[in-house]
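Input: a single structure, listed below in structure tokens.
In the working numbering, the protein residues as written are 18 to 275.
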């Protein structure tokens, strides 16, 4: 019995250490605002913009989608949430984060010859925002950790060339391929009641969504508009979205603790 108690005690101790380690590894989003903290009664609106370059060959475009042979680049990726329903924080810490993202000034890359490349005007989700919900602690695939839930959307290329769409779905991190990473950026600001330290926190989301399921809807790509033969591949499970954006709480701070 004495040996059993010792064994049980050791198991309990291991369990405590495992629980502590697990809790320490759980990432959290943080939001703060002075003098009124984020709450259900007074959510903290967020607002941001796309940053960086998604495709080194096309500077100035911070967002990139690849659907089959269509490469869609967008200059603008605008994350925001004005209300709690849109994702504005009502919390000081959370293991999930939701935001709307509107994509604009988009072009689909078109190669007309080996030496000439053009861009065809493209709308993503008809100018309406998509919704992304980040779950960095949820299980991924293999040894990956992290999920992002994305809302349904579509892209329309030119006038009748092709419209393709994707349903609401979850994309998963894979081993050594995180679906998203997060960076807390410190920015100097004027000292005030909102920023007594003269520093504010902004959060950068680095997105790498892989395995998006999609399909063609209408246009020349499915044999319409005077073209009799549709594209050889009209659906798939391997579409991607790469892009970064920086967002923050209005008159407050937004960050991530890994």
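Ideal Cβ positions, reconstructed from N, Cα and C, are used throughout, including at glycine. Bear in mind the structure is a predicted one, so any value in this text is a computation, not a measurement.
Cutoff 7 Å: residue i Cβ touching any chain D Cβ
i           : result
residue 255 : Here there is only one protein chain, and chain D is not present.
Residue i: first and last residue of the uninterrupted beta strand (DSSP E) it sits in
i           : result
residue 116 : 114-130
residue 174 : 170-174
residue 154 : 147-156
residue 63  : 63-68
residue 100 : That residue, residue 100, is in no beta strand (DSSP E); it is neither H nor E in DSSP.
residue 137 : 133-141
residue 49  : 45-50
residue 182 : 179-183
residue 53  : From DSSP, residue 53 is part of no beta strand (DSSP E); its letter is neither H nor E.
Alpha carbon of residue i to alpha carbon of residue j, nearest angstrom
i           : j           : result
residue 273 : residue 61  : 16 Å
residue 39  : residue 159 : At residue 39, the pLDDT of 34 sits below 50, so the modelled position is not reliable; the number obtained from the coordinates is stated separately. Each residue's Cα considered, the two are about 18 Å apart.
residue 63  : residue 167 : 18 Å
residue 139 : residue 190 : 28 Å
residue 171 : residue 157 : 25 Å
residue 122 : residue 75  : 13 Å
residue 83  : residue 69  : 18 Å
residue 258 : residue 173 : 16 Å
residue 209 : residue 266 : 16 Å
residue 113 : residue 44  : 9 Å
residue 124 : residue 88  : 8 Å
residue 361 : residue 47  : Nothing about residue 361 can be read from this structure; the chain reaches only from 18 to 275.
Identified DSSP bridge partners for residue i
i           : result
residue 277 : Nothing in the structure corresponds to residue 277, since the chain is present only between 18 and 275.
residue 87  : 84
residue 194 : 191
Nearest-angstrom Cβ-Cβ length linking residue i and residue j, presumed shorter than 8 Å
i           : j           : result
residue 59  : residue 53  : 5 Å
residue 197 : residue 224 : 5 Å
residue 269 : residue 109 : Between residue 109 and residue 269 the Cβ distance is about 11 Å, and since that is not below 8 Å, they are no contact.
residue 335 : residue 180 : Any question about residue 335 goes unanswered here, given that the chain covers just 18 to 275.
residue 216 : residue 188 : Not a contact, Cβ separation roughly 33 Å.
residue 149 : residue 118 : 6 Å
residue 261 : residue 67  : 7 Å
residue 93  : residue 120 : 7 Å
Would you be able to state if there are at least three C-beta pairs under 8 Å between the segment 196-216 and the segment 134-145? Taking 8 Å as the limit for Cβ pairs, the verdict is that the segment 196-216 does not touch the segment 134-145.
I want to know whether the segment 85-103 touches the segment 150-157 - three or more CB-CB distances under 8 Å. no
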